[in-house]
Amino acid sequence: MAYGAALGIADPRDSCEAHFRDIVETGAYVCDQDLSRIIAYEAPDRFHELVEWGVDFLRRPDGSFLQVMSDGATYPRACGTGADTGRQIMKALKGQVMERGINVIENVMVVDLIERGGVVGGAVGIHMETLERIVFLAKSVILATGGHGGLYSYNVFPPGMTGDGYAMALRAGAKLVNLEFMQIGPCVVSPFKFDVGGVLWRLGPRLMNGRGEEYLAKYLPGGISIEDVYRLKSVTFPFTMRNPSGYIDIANFTEILEGRGTERGCVLFDLSHVPPERIEEKASIPFRFFSRRGVDIRREPLEIAPAIQHLNGGVLINERAETNLTGLYAAGEVAGGPHGADRPGGNSLADCQVFGARAGRQAALRAKRAVRAISPRDAGRIVGLIDSVSRMRGDYNVEPLMGRVKQLMWRNVSVVRNERGLNRTLKELSGLHGIVASRIFVDEEGLVGALELRNMVELGMAITKAALTRRETRGSHYREDYPERDDGRWLRMIEISWDGGGLSVNLRRPRMIIHP
């Protein structure tokens, strides 16, 4: 994990304009370029703000910040603190929250936004321990709920990341965009999670299935060698068809899908043929990480699988981080528009800081001048829904249905996609939507899980609908039945909304500042 900013330290040729171009080109031109430009030009200021708040980014011997190359970057601009960059930034932000005396209510799951006539004026949640229903009234609401990894069997997210922010925004009437684009990469998924990228591929691993067979070569087109794709994978962690590194992910996915994986449903990443001292020298950080957890990568193969890391799309925002609903803002991974088919490494953290700041400023300005348009009575419908869910005593248990959603999404809406699998998934999720509405068994202890399941099903339907709509291959969206990129038809952003009777699709041509 790293923070990408055009500081021009590692290479003086780098600039905010170069960063902007990288975002657009890596995103295959299906992003809101006005938003992409904002990230590129404001990331340096937000970086220095984090430094002021105590984030100790790594430095070179001369005291300047260490910047390294990352996916989709022309110049080195990724800054980090080591293996704990995200935690260090969270620590700094928590310090600012405490210093400013901001009230924090913990252990609450927000269930739905309070909306009337296109205006959002609060939210309703439940306390996850006491199950108390809590009504929040506010003139401005900011969604910063993170990603959707919990919809998939394999992911690197913490527990509970079931796409709640996307789903509640969709139900309230917000538009979602670019949901078909996500980051998926080779990861250790059990008993701990670790992205397998960078230097580990430069060591030249052997990839083997559960039968001990090496399989990668049979998936590569003529003229492309294993060494070629390893070299590309070392600088392109997430799955993409932008370059041949994607064949690694297709191979790993297919071996598992067709039943040739390990007992855990993974493939093997083996370095036992590499001189041990080379591993210790060239891959010191992952070597120490695994050693601390009792795994010797010099001798033991890792079990890996394609795992969900990030959703590139989300709730559609404008330059002020506003959604199409008055009073509702979004920032970070839950927001959509700044990124397209692929996302440069380091941009996620930069995005959070840049649009987090913009959302906060705009929400505060609105709160100062707006008249409250929502009353406590408007929350009654949502509280009633929560109560009705808690009383359901149907025939279906929540946990197996969650497992089915995860299985469907990983098998049909991850690395390899096609019309048949997407249609089947959408049909089954639509059926589950009806079951979740009235036929699940819920007691008080299972209420949170039932509400999460509703979010998983509804967001899964929206993602699948977007992937089914885009009949081409672009970046992280690989349609094996439409393997070519088609700018003539699909240089468009796909917007998904909920119109009451179902999902609605709108195709929007992005405004071009940088042209293909």
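In terms of my numbering, the sequence shown opens at residue -10 and continues consecutively.
Glycine is no exception: its CB is placed at the ideal position from the N, C-alpha and C atoms.
Discussion item. Once DSSP output is grouped into helix, strand and coil, what is the label at residue 569?
Written reply: The structure shown does not extend to residue 569, since the chain is modelled only from -10 through 505, so no value can be given for it.
Fill in: C-alpha distance - residue 213 paired with residue 4, whole-angstrom precision
33 Å
Worksheet item: Do residue 76 and residue 192 come within 8 Å of each other at the CB atom, strictly closer than that value?
Response: no
Item to complete: Taking 8 Å as the cut-off, decide whether the C-beta atoms of residue 587 and residue 344 are in contact.
Response: Coverage of the chain is limited to positions -10 through 505, which leaves residue 587 absent and any answer about it impossible.
Practice prompt. For my contact list, residue 358 and residue 309 are in at a C-beta cut-off of 8 Å; report their separation, rounded to the angstrom.
Written response: Not a contact, Cβ separation roughly 14 Å.
Worksheet item: Per DSSP, residue 406 is paired with what?
Response: 468
Discussion item. Can you tell me whether residue 68 is helix, strand or coil according to DSSP?
Written reply: strand
Worksheet item: If you run the structure through DSSP and keep just helix, strand and coil, what is residue 58?
Response: coil
Worksheet item: Which term fits residue 511, buried or exposed, when burial requires 16 or more other beta carbons within 10 angstroms of its beta carbon?
Response: Outside the modelled stretch of the chain, which goes from -10 to 505, sits residue 511, for which no answer is possible.
Worksheet entry | Alpha carbon of residue 363 to alpha carbon of residue 442, nearest angstrom | 28 Å
Worksheet item: Given residue 403, which residues of its chain have a CB within under 6 Å of its CB, disregarding the five upstream and five downstream residues?
Response: 173
Discussion item. On the DSSP letters alone, give me the boundaries of the beta strand (DSSP E) that residue 116 sits inside.
Written reply: 108 to 116
Worksheet entry | Touch test, the segment 262 to 280 against the segment 131 to 140, Cβ-Cβ under 8 Å, three pairs minimum | no
Worksheet item: Which same chain residues, not among the five before or five after residue 94, have their C-beta less than 8 Å away from its C-beta?
Response: 123
Worksheet item: Candidates 80, -3, 314 and 371: which alpha carbon is nearest residue 113's?
Response: 371
Practice prompt. Using alpha carbons as the reference points, say which of -10, 21 and 31 lies closest to residue 6.
Written response: 31
Worksheet entry | For residue 277 and residue 220, the rounded distance between their alpha carbons | 23 Å
Worksheet item: Buried or exposed: residue 232, going by 16 or more other Cβ atoms within 10 Å of its Cβ?
Response: exposed
Item to complete: Take every Cβ of the segment 232 to 241, pair it with every Cβ of the segment 194 to 214, and state whether three or more of those distances are shorter than 8 Å.
Response: yes
Discussion item. Give me the residue from 438, 384, 353 and 58 with the minimum Cα distance to residue 128.
Written reply: 353
Worksheet entry | Extent of the continuous beta strand (DSSP E) to which residue 303 belongs | 303 to 305
Worksheet item: Looking only at C-alpha atoms, which of 249, 477 and 438 sits nearest to residue 392?
Response: 438
Worksheet item: When we look at the beta-carbon of residue 228 and count the other beta-carbons within 10 Å, is it buried (16 or more) or exposed?
Response: buried
Worksheet item: What is the DSSP secondary structure of residue 487, reduced to helix, strand or coil?
Response: strand
Item to complete: Have a look at residue 62 and residue 11 and give me their C-alpha separation to the nearest angstrom.
Response: 6 Å
Worksheet item: What are the residues that DSSP puts in a beta bridge with residue 172?
Response: 299
Worksheet item: Is the segment 453 to 465 touching the segment 473 to 489, taking contact as three or more C-beta pairs under 8 Å?
Response: yes
Practice prompt. Following the continuous beta strand (DSSP E) through residue 495, name the residue where it begins and the one where it ends.
Written response: 492 to 497
Item to complete: Could you tell me whether the Cβ atoms of residue 156 and residue 448 are closer together than 8 Å?
Response: yes
Fill in: Inter-stretch contact (C-beta, 8 Å, three-pair minimum) for the segment 248 to 258 and the segment 282 to 293
yes
Fill in: Segment limits, beta strand (DSSP E) that includes residue 101
97 to 105
Discussion item. The alpha helix (DSSP H) that contains residue 218, what's its start and end?
Written reply: 215 to 222
Worksheet item: What are the start and end residues of the alpha helix (DSSP H) that includes residue 82?
Response: 74 to 88
Worksheet item: Near residue 120, which residues of its chain fall below 7 Å by C-beta distance, leaving aside the five closest residues on each side in sequence?
Response: 433 and 436
Fill in: residue 496 burial status per 10 Å Cβ neighbour count (16 or more: buried)
exposed
Item to complete: Pick out whichever of 211, 280 and 170 has its Cα sitting closest to the Cα of residue 230.
Response: 170
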